[in-house]
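**Student:** Numbering (this note's numbering), first residue to last: 41 to 484. Let me give you the structure first, and then I'll get to my questions.
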Amino acid sequence: HSTSWFVGYPQLASAPGPYQIDREWGISNHAMDPTRESTYRFLAAFIREMSELFPDRYLHIGGDECNGKDWDANPQIQAFMRAHGLKDNAALQAYFTARVQKLVAKRGKIMEGWDEVLQPNTPQDVVIQSWRGPESLAAAARQGNRALLSTGYYIDLNQTAAEHYAVDPLPAALTSGPSALSAAQQKLILGGEATMWSEYVDPGNIDSRIWPRTAAIAERLWSPADVTDIPAMYARLSIVSQKLEYLSLQHNSSYPQMLRRMTGETDPLPLHVLGDILQPPLGYQREKFGPYNTFTPLNRMPDAVHPESDVAREFQGLVDALLSGHAKPRDWVQTRRWLLLWRDNDARLEPLLPRSDLTEELIPVSLRLHQVSEIGLEALRYLRDGQAAPEEWRAQQTAFLEKAAETQAALRDMAAPQVLRLVRATAGPLPGNGAPSPSPGQAP
41 HSTSWFVGYP QLASAPGPYQ IDREWGISNH AMDPTRESTY RFLAAFIREM
91 SELFPDRYLH IGGDECNGKD WDANPQIQAF MRAHGLKDNA ALQAYFTARV
141 QKLVAKRGKI MEGWDEVLQP NTPQDVVIQS WRGPESLAAA ARQGNRALLS
191 TGYYIDLNQT AAEHYAVDPL PAALTSGPSA LSAAQQKLIL GGEATMWSEY
241 VDPGNIDSRI WPRTAAIAER LWSPADVTDI PAMYARLSIV SQKLEYLSLQ
291 HNSSYPQMLR RMTGETDPLP LHVLGDILQP PLGYQREKFG PYNTFTPLNR
341 MPDAVHPESD VAREFQGLVD ALLSGHAKPR DWVQTRRWLL LWRDNDARLE
391 PLLPRSDLTE ELIPVSLRLH QVSEIGLEAL RYLRDGQAAP EEWRAQQTAF
441 LEKAAETQAA LRDMAAPQVL RLVRATAGPL PGNGAPSPSP GQAP
């Protein structure tokens, strides 16, 4: 992660270079040379300058994903390791960390670093930030180091607010049972930090990647572990989202703006309908959908849609109600309305999508939503009539829907998994009272 430094200061590096600014992302082989005193003189001056600029108590030094390949290839570094009894690269990194920690402490700061910084001889003043998970967090606490969790709070991975809300820095496994931390060790867990990495954000969509889900993480970190009511959380999150809009954040307003730019239309409603039920790829799947670098424009549908679709969450709630046997007549009506809207939207998009490269790639995405919705309407008819669907039909639609749930054009169709649940439920009658008798004009 320090490669950009070496462009201007190649003398800090462990390999001769030459160096240039990386335009693609991933783990680099490049690393500072921890055996030169000149490295520490440079870092001392840098840390002094940063300490004067920023009054914060903590100074994060990074320290993650150093693979040591440039250290392995440097004869001088290998000789240094042998002379100082450093058996491997982890030991060399621990040596480097200890030297840097003294420079940080000299400026009255508390050093913080990622998991890799934790070694058997890491000073206990160092705070460990964990990207690997609660096990690493517990290892730090058992060694006497304070720690905080970021695993589960990576807001760039497009997880839902509910998924983030379910993560606790002190899970039950660390508070009770054979792996539990002692009371003193539990106090060393400071909390957590939401992390936002910037590979797929720009000024146009960054607010939508950060908000409002980060507010759910904040509530998790400020709340007792037994506060777990997801629907109540979403009710509060909706209010927070509105308040953030009043503060001029663009987490909601950027979406329709991007759709207008993609189409040239002042009100591209059919594209809005399509985008509302889509989500960007989960985790690191985006990397599979074409080469990306720092020059790649982020102006397509995966960049515009929200990480979590409110429409998808509403539709999932309706399906939950239907399949539990507790649905009200209006739930059946609203489920059908959504499916009809999505089914018919493909025809409305047909003249719009071929106009530009930005929207042309959505043609198969729109068609897939149309097909998914047709299957959903048919499944709804079986369920409403209380009839089991033919096994052959169920198998055929299941195979299609499982495929439809896969990421396409760097987008996820969030209707497909819920329609799949409806199809699977057609194997027999619904629990409870099942489907209500349709009112006139409302039969699927």
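In this text, a Cβ means the ideal position worked out from N, Cα and C, and glycines have one as well.
1. What whole-angstrom Cβ distance do Tyr194 and Thr235 have, given they're in contact under 8 Å?
2. Go through its chain and collect everything with a Cβ distance to Ala361's Cβ below 6 Å, but skip five positions before and after it.
3. Let me check one thing: in DSSP terms, what residues is Thr232 bridge-paired to?
4. Report back the beta-carbon spacing between Gly153 and Gly103 to the nearest angstrom; my notes put them in contact at under 8 Å.
5. In angstroms with no decimal places, state the Cα-to-Cα distance between Tyr59 and Tyr49.
6. Could you tell me the alpha carbon to alpha carbon distance between Asn69 and Tyr332, rounded to whole angstroms?
7. Below 8 Å on the Cβ atoms is my contact criterion, and I expect Leu277 with Ala256 to pass it. Report the Cβ-Cβ distance as a whole number of Å.
8. Using a Cβ-Cβ cutoff of less than 7 Å, which residues in the same chain neighbour Leu83 once the five nearest sequence positions on both sides are dropped?
9. For Met302 versus Thr215, is the C-beta distance shorter than 7 Å?
10. For the region 272-348, list the alpha helix (DSSP H) runs that are entirely contained and at least 4 residues long, ordered along the chain.
11. When we look at the beta-carbon of Ala465 and count the other beta-carbons within 10 Å, is it buried (16 or more) or exposed?
12. Are there 16 or more other CB atoms within 10 angstroms of the CB of Asn107, so buried, or fewer, so exposed?
13. So, at 7 Å on beta carbons, what are the nonlocal neighbours of Glu348 in its own chain, with the 5 sequence-adjacent residues on each side left out?
14. Assign Ala467 to buried or exposed, taking buried as 16 or more other Cβ atoms, counted over all protein chains shown, within 10 Å of its Cβ.
15. Based on the DSSP output, what are the partners of Ser170 in its beta bridges?
16. Out of curiosity, what's the CA-to-CA distance linking Tyr286 and Ser263?
17. Pick helix, strand or coil for Gly48, following the three-state DSSP scheme.
18. Could you say which of Leu358, Tyr324, Gln51 lies nearest to Ala450 if we only look at CA atoms?
19. Alpha carbon to alpha carbon, what distance is there between Ala138 and Pro74?
20. Can you say whether Arg122 is buried or exposed, counting buried as having 16 or more other CB atoms within 10 angstroms of its CB?
21. Would you list the one or two residues that DSSP bridges to Trp154?
22. Does the separation of the CB atoms of Ala181 and Gln118 fall below 7 Å?
23. In whole angstroms, what separates the C-alpha of Gly231 from that of Asn185?
24. Taking 7 Å as the limit between beta carbons, can you name the residues of its chain near Arg63, skipping five residues before and five after?
25. Go ahead and label Phe355 buried or exposed: buried means 16 or more other beta carbons lie within 10 angstroms of its beta carbon, across all protein chains shown.
26. Grouping DSSP H, G and I as helix and E and B as strand, with all else coil, what is Ala467?
27. Expressed to the nearest angstrom, what Euclidean distance is found between the alpha-carbon atoms of Pro308 and Arg300?
28. Compare the C-alpha of Leu210 against each of Leu228, Ala419, Asp196 and name the closest.
29. With distances taken Cα to Cα, identify the nearest neighbour of Ile150 among Ser413, Phe94, Leu363, Met454.
30. Kindly indicate which three-state DSSP category Arg377 falls into: helix, strand or coil?
31. Evaluate contact between the region 430-437 and the region 386-394, counting only Cβ atoms and requiring at least three cross-stretch pairs below 8 Å.
32. How would you call Phe136, buried or exposed, if buried means at least 16 neighbouring beta carbons within 10 angstroms?
**Tutor:** Based on what the coordinates show:
1. For this step, residue 194 is matched to residue 154 along the sequence shown. For this step, residue 235 is matched to residue 195 along the sequence shown. So it is a contact: roughly 5 Å between Cβ atoms.
2. Numbered from 1 along the sequence shown, position 321 holds the residue referred to as residue 361. So the qualifying residues of the chain are Ala367, Asp371.
3. The residue you call residue 232 lines up with position 192 of the sequence shown. Thr is not the amino acid found at residue 232; the sequence shown has Gly there. Note: Gly232 sits in a beta bridge opposite Leu189.
4. Locating residue 153 in the sequence shown gives position 113, counting from the first residue. Locating residue 103 in the sequence shown gives position 63, counting from the first residue. Rounded, the Cβ-Cβ distance is 4 Å, consistent with contact.
5. Counting from 1 along the sequence shown, the entry for residue 59 is found at position 19. Counting from 1 along the sequence shown, the entry for residue 49 is found at position 9. So the two alpha carbons sit approximately 9 Å from each other.
6. For the purposes of this step, residue 69 is taken as residue 29 along the sequence shown, with counting starting at 1. For the purposes of this step, residue 332 is taken as residue 292 along the sequence shown, with counting starting at 1. Taking the straight line from one Cα to the other gives about 20 Å.
7. The residue labelled residue 277 in the question sits at position 237 within the sequence shown. The residue labelled residue 256 in the question sits at position 216 within the sequence shown. 6 Å between Cβ atoms; contact.
8. Along the sequence shown, read from residue 1 onward, the residue named residue 83 stands at position 43. Here the set comprises Val140, Leu143.
9. Numbered from 1 along the sequence shown, position 262 holds the residue referred to as residue 302. Numbered from 1 along the sequence shown, position 175 holds the residue referred to as residue 215. Going by C-beta atoms, Met302 is not nearer than 7 Å to Thr215.
10. 294-303, 309-316, 341-344
11. What you label residue 465 is simply residue 425 of the sequence shown in a count that begins at 1. Burial call: buried.
12. Working through the sequence shown from its first residue, we reach residue 107 at position 67. Exposed, by the Cβ-count rule.
13. Residue mapping note: residue 348 aligns to position 308 of the sequence shown, counting from 1. Result list for Glu348: Thr200, Ala201, Arg253, Gln319, in chain order.
14. As a first step, residue 467 must be located in the sequence shown, where it is residue number 427. So Ala467 ends up on the exposed side.
15. As a working note, residue 170 is residue 130 in the sequence shown. Answer by DSSP bridge pairing, in chain order: Leu189.
16. Within the sequence shown, residue 286 is the residue found at index 246, counting from 1. Within the sequence shown, residue 263 is the residue found at index 223, counting from 1. Cα to Cα, the separation comes out at about 25 Å.
17. Within the sequence shown, the letter at position 8 stands for residue 48. Gly48 falls in the helix class under three-state DSSP.
18. Taking the sequence shown and counting its residues from 1, the one referred to as residue 450 is at position 410. The shortest Cα separation from Ala450 among Leu358, Tyr324, Gln51 belongs to Tyr324.
19. The residue given as residue 74 occupies position 34 in the sequence shown. The residue given as residue 138 occupies position 98 in the sequence shown. If you take the alpha carbons of Pro74 and Ala138, they lie about 11 Å apart.
20. The residue you call residue 122 lines up with position 82 of the sequence shown. Counting Cβ neighbours within 10 Å, Arg122 comes out exposed, since fewer than 16 surround it.
21. Residue numbering aside, residue 154 sits at position 114 when the sequence shown is read from its first letter. In DSSP, Trp154 forms a bridge with Gln169.
22. In the sequence shown, counting from the first residue as 1, residue 181 sits at position 141. In the sequence shown, counting from the first residue as 1, residue 118 sits at position 78. Cβ atoms of Ala181 and Gln118: not closer than 7 Å.
23. As a working mapping, residue 231 is identified with position 191 in the sequence shown. As a working mapping, residue 185 is identified with position 145 in the sequence shown. Those two C-alpha atoms are separated by around 13 Å.
24. Within the sequence shown, numbered from 1, the residue matching residue 63 stands at position 23. Counting only Cβ-Cβ distances below 7 Å, and skipping sequence neighbours, we find Asn333, Thr334, Phe335.
25. Position 315 of the sequence shown holds residue 355. Per the 10 Å Cβ criterion, buried.
26. If you number the sequence shown from 1, residue 467 lands on position 427. Ala467: coil per DSSP, three-state reduction.
27. Walking along the sequence shown from the start, residue 308 turns up at place 268. Walking along the sequence shown from the start, residue 300 turns up at place 260. So the alpha carbons of these two residues sit roughly 6 Å apart.
28. Within the sequence shown, the letter at position 170 stands for residue 210. Per the Cα distances, Leu228.
29. Translated into positions along the sequence shown, residue 150 becomes position 110. Of Ser413, Phe94, Leu363, Met454, the residue nearest in Cα terms is Phe94.
30. One-based indexing of the sequence shown puts residue 377 at position 337. DSSP places Arg377 in helix when its eight states are reduced to three.
31. no
32. Residue numbering aside, residue 136 sits at position 96 when the sequence shown is read from its first letter. By the neighbour-count rule (16 or more Cβ atoms within 10 Å), Phe136 is buried.
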